[in-house]
Amino acid sequence: MKKTQWYIGAPNGVVLCINRNVEGELGGEFYHSYSEKPVPFQGIGQMTLRMEKLYDWLRFPHPGTNSRSFGEVPQPDGRKHERKRIMSDETLLTKHGDIGTFIVRVQHRQNSSWQGRITWMEEDRTVQFRSVWEMIKLIESAVDEVSAPEEGDAEATWFPEDSTAE
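Take the sequence shown: its position 143, counting from 1, is numbered 142 in numbering that gives the first Met the number 0, and each next residue is one higher.
Printed below as a string of C-alpha coordinates:
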(Lines of atoms letter the chains of each structure in order from A; the text may use other names.)
(Lines give C-alpha, C1' and ligand atoms only; values in the text may rest on other atoms or scores of the structure.)
Protein backbone atom coordinates (compact mmCIF):
# COMPACT_ATOMS: atom_id res chain seq x y z
CA MET A 0 0.00 0.00 0.00
CA LYS A 1 1.45 3.39 -1.04
CA LYS A 2 0.20 5.73 1.73
CA THR A 3 0.96 8.90 -0.26
CA GLN A 4 -2.32 10.54 0.83
CA TRP A 5 -2.03 9.57 4.51
CA TYR A 6 -1.75 12.74 6.55
CA ILE A 7 -3.95 14.66 8.96
CA GLY A 8 -2.85 18.17 8.00
CA ALA A 9 -5.35 20.16 10.07
CA PRO A 10 -6.15 20.67 13.76
CA ASN A 11 -9.61 19.23 13.16
CA GLY A 12 -8.48 16.17 11.16
CA VAL A 13 -10.43 13.03 11.99
CA VAL A 14 -9.73 9.35 11.33
CA LEU A 15 -13.11 7.76 10.66
CA CYS A 16 -13.32 3.99 11.27
CA ILE A 17 -16.33 2.14 9.84
CA ASN A 18 -16.76 -1.14 11.73
CA ARG A 19 -20.36 -2.15 10.96
CA ASN A 20 -22.77 -2.09 8.07
CA VAL A 21 -26.13 -3.44 9.20
CA GLU A 22 -28.67 -3.13 6.39
CA GLY A 23 -26.99 0.02 5.10
CA GLU A 24 -26.70 1.64 8.54
CA LEU A 25 -23.01 2.35 9.10
CA GLY A 26 -21.52 2.36 12.57
CA GLY A 27 -18.10 2.75 14.08
CA GLU A 28 -16.00 5.41 15.72
CA PHE A 29 -13.74 8.32 14.93
CA TYR A 30 -10.54 9.55 16.47
CA HIS A 31 -9.13 13.06 16.80
CA SER A 32 -6.01 14.58 18.32
CA TYR A 33 -7.65 15.89 21.50
CA SER A 34 -8.63 12.59 23.13
CA GLU A 35 -7.24 9.08 23.34
CA LYS A 36 -10.76 7.66 23.45
CA PRO A 37 -12.68 7.09 20.23
CA VAL A 38 -16.00 8.81 19.63
CA PRO A 39 -18.51 6.03 18.85
CA PHE A 40 -21.46 6.49 16.51
CA GLN A 41 -24.46 4.48 15.40
CA GLY A 42 -25.40 5.71 11.97
CA ILE A 43 -24.12 8.43 9.67
CA GLY A 44 -26.45 11.04 11.17
CA GLN A 45 -25.02 10.58 14.64
CA MET A 46 -21.49 10.62 13.20
CA THR A 47 -22.02 13.99 11.51
CA LEU A 48 -23.63 15.52 14.62
CA ARG A 49 -20.72 14.38 16.79
CA MET A 50 -18.15 15.65 14.31
CA GLU A 51 -20.00 18.99 14.14
CA LYS A 52 -19.91 19.17 17.94
CA LEU A 53 -16.11 18.59 17.81
CA TYR A 54 -15.69 21.40 15.26
CA ASP A 55 -17.81 23.72 17.43
CA TRP A 56 -15.68 22.84 20.48
CA LEU A 57 -12.49 23.49 18.51
CA ARG A 58 -14.00 26.61 16.95
CA PHE A 59 -12.41 25.42 13.71
CA PRO A 60 -13.35 25.67 10.97
CA HIS A 61 -15.52 28.60 11.89
CA PRO A 62 -19.13 28.07 10.78
CA GLY A 63 -20.38 30.31 8.00
CA THR A 64 -23.84 30.39 9.59
CA ASN A 65 -24.92 30.35 13.22
CA SER A 66 -27.47 28.03 14.77
CA ARG A 67 -30.88 29.51 15.45
CA SER A 68 -32.72 29.08 18.71
CA PHE A 69 -35.99 30.29 20.20
CA GLY A 70 -34.77 29.92 23.78
CA GLU A 71 -31.91 31.46 25.71
CA VAL A 72 -28.58 30.55 24.22
CA PRO A 73 -25.49 30.65 26.42
CA GLN A 74 -23.05 33.18 25.01
CA PRO A 75 -19.36 32.30 24.70
CA ASP A 76 -17.26 34.10 27.28
CA GLY A 77 -14.91 35.49 24.63
CA ARG A 78 -11.83 33.88 26.16
CA LYS A 79 -9.70 31.76 23.93
CA HIS A 80 -9.56 28.20 25.24
CA GLU A 81 -6.35 26.38 24.51
CA ARG A 82 -6.92 22.92 23.06
CA LYS A 83 -4.13 20.54 23.93
CA ARG A 84 -3.31 17.74 21.51
CA ILE A 85 -3.11 14.39 23.24
CA MET A 86 -2.64 12.05 20.29
CA SER A 87 -0.02 12.59 17.58
CA ASP A 88 -0.85 12.41 13.87
CA GLU A 89 1.29 9.27 13.60
CA THR A 90 -0.77 7.55 16.31
CA LEU A 91 -4.03 8.67 14.70
CA LEU A 92 -2.96 7.13 11.41
CA THR A 93 -2.55 3.71 13.07
CA LYS A 94 -6.32 3.52 13.76
CA HIS A 95 -8.31 1.40 11.32
CA GLY A 96 -11.89 0.29 10.84
CA ASP A 97 -13.02 -3.27 10.12
CA ILE A 98 -14.81 -2.24 6.90
CA GLY A 99 -13.20 1.06 5.95
CA THR A 100 -10.99 3.86 7.22
CA PHE A 101 -11.15 7.49 6.11
CA ILE A 102 -9.20 10.61 6.94
CA VAL A 103 -11.63 13.53 6.97
CA ARG A 104 -10.24 17.06 6.71
CA VAL A 105 -13.02 19.65 6.86
CA GLN A 106 -11.58 22.91 5.56
CA HIS A 107 -14.71 25.09 5.58
CA ARG A 108 -18.19 25.09 7.10
CA GLN A 109 -20.09 27.29 4.69
CA ASN A 110 -23.68 27.29 3.47
CA SER A 111 -24.66 25.19 6.50
CA SER A 112 -22.51 22.33 5.25
CA TRP A 113 -18.89 21.14 5.12
CA GLN A 114 -16.28 21.39 2.41
CA GLY A 115 -12.96 19.55 2.49
CA ARG A 116 -11.10 16.40 1.57
CA ILE A 117 -11.58 12.76 2.41
CA THR A 118 -8.98 10.02 1.99
CA TRP A 119 -9.98 6.39 1.76
CA MET A 120 -6.96 4.84 3.50
CA GLU A 121 -7.31 1.30 2.16
CA GLU A 122 -7.19 2.57 -1.42
CA ASP A 123 -4.99 5.65 -0.82
CA ARG A 124 -7.48 7.80 -2.74
CA THR A 125 -8.31 11.40 -1.88
CA VAL A 126 -11.34 13.29 -3.13
CA GLN A 127 -12.61 16.78 -2.40
CA PHE A 128 -16.20 17.10 -1.20
CA ARG A 129 -18.47 20.15 -1.36
CA SER A 130 -21.08 19.14 1.21
CA VAL A 131 -21.77 16.75 4.06
CA TRP A 132 -24.12 14.87 1.76
CA GLU A 133 -21.37 14.40 -0.84
CA MET A 134 -18.93 13.19 1.86
CA ILE A 135 -21.53 10.68 3.10
CA LYS A 136 -22.11 9.40 -0.45
CA LEU A 137 -18.34 8.91 -0.87
CA ILE A 138 -18.16 6.88 2.36
CA GLU A 139 -21.20 4.80 1.42
CA SER A 140 -19.88 4.11 -2.09
CA ALA A 141 -16.53 2.97 -0.67
CA VAL A 142 -18.24 0.66 1.82
CA ASP A 143 -20.46 -0.68 -0.97
CA GLU A 144 -17.37 -1.27 -3.11
CA VAL A 145 -15.78 -3.28 -0.30
CA SER A 146 -19.01 -5.18 0.43
CA ALA A 147 -19.62 -6.17 -3.19
CA PRO A 148 -16.34 -5.90 -5.12
CA GLU A 149 -17.47 -8.31 -7.81
CA GLU A 150 -20.40 -6.11 -8.86
CA GLY A 151 -19.66 -3.25 -11.24
CA ASP A 152 -21.04 0.03 -9.91
CA ALA A 153 -21.98 2.36 -12.73
CA GLU A 154 -22.34 5.26 -10.30
CA ALA A 155 -19.03 4.87 -8.43
CA THR A 156 -17.93 8.20 -7.03
CA TRP A 157 -14.29 7.44 -6.20
CA PHE A 158 -11.84 8.32 -8.92
CA PRO A 159 -9.51 5.67 -10.35
CA GLU A 160 -5.91 5.74 -9.12
CA ASP A 161 -4.65 7.33 -12.31
CA SER A 162 -7.05 10.27 -11.93
CA THR A 163 -5.78 13.75 -11.23
CA ALA A 164 -8.18 14.25 -8.30
CA GLU A 165 -6.61 15.19 -5.01
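Think of the CB as a built atom: it goes at the ideal place given N, C-alpha and C, for glycine as much as any other residue. All of these numbers come straight from a predicted model, not from anything done at the bench.
- Measuring C-alpha to C-alpha distances from Thr-125 to each of Glu-28, Ile-138, Ile-17, Trp-132 identifies Ile-138 as the nearest.
- Remark: C-beta atoms of Leu-91 and Val-14 approach each other more closely than 8 Å.
- Short of 8 Å from the beta carbon of Phe-128, and not among the five residues preceding or following it, lie these beta carbons of its own chain, in chain order: Trp-113, Gln-114, Gly-115, Arg-116, Ile-117, Met-134, Leu-137.
- Sorting Gln-109, Gly-12, Ile-7, Gly-42 by C-alpha distance to the C-alpha of Thr-64 places Gln-109 at the top.
- Restricting attention to Glu-35, Gln-45, Gly-27, Thr-47, the CA atom closest to the CA of His-95 is found in Gly-27.
- Checking the DSSP bridge columns, you'll see Glu-28 partnered with Cys-16, Pro-39.
- Annotation: Glu-89 to Gly-99 spans about 18 Å, alpha carbon to alpha carbon.
- When secondary structure is reduced to three states using DSSP, Gln-109 falls in the coil class, being assigned neither helix nor strand.
- Sequence-distant partners of Pro-37 (beyond 5 residues in either direction) whose C-beta falls short of 6 Å from its own C-beta, in its chain, are Glu-28, Tyr-30.
- Your pair Arg-19 and Leu-57 does not check out as a contact, with CB atoms roughly 27 Å apart and the cut at 8 Å.
- The alpha carbon of Tyr-6 has as its nearest neighbour, out of Arg-104, Phe-69, Pro-39, Trp-132, the alpha carbon of Arg-104.
- Per DSSP, Ile-138 is one residue of the alpha helix (DSSP H) stretching across 131-146.
- DSSP places Thr-125 in the uninterrupted beta strand (DSSP E) bounded by 124-128.
- If you ignore the 5 residues before and after Ser-130, its C-beta comes within less than 6 Å of the C-beta of Ser-112, all in its own chain and listed in chain order.
- Listed in chain order, the non-local C-beta contacts of His-107 below 8 Å within the same chain comprise Pro-60, Gly-63, Trp-113, Gln-114, Gly-115, local neighbours out to five positions each way being set aside.
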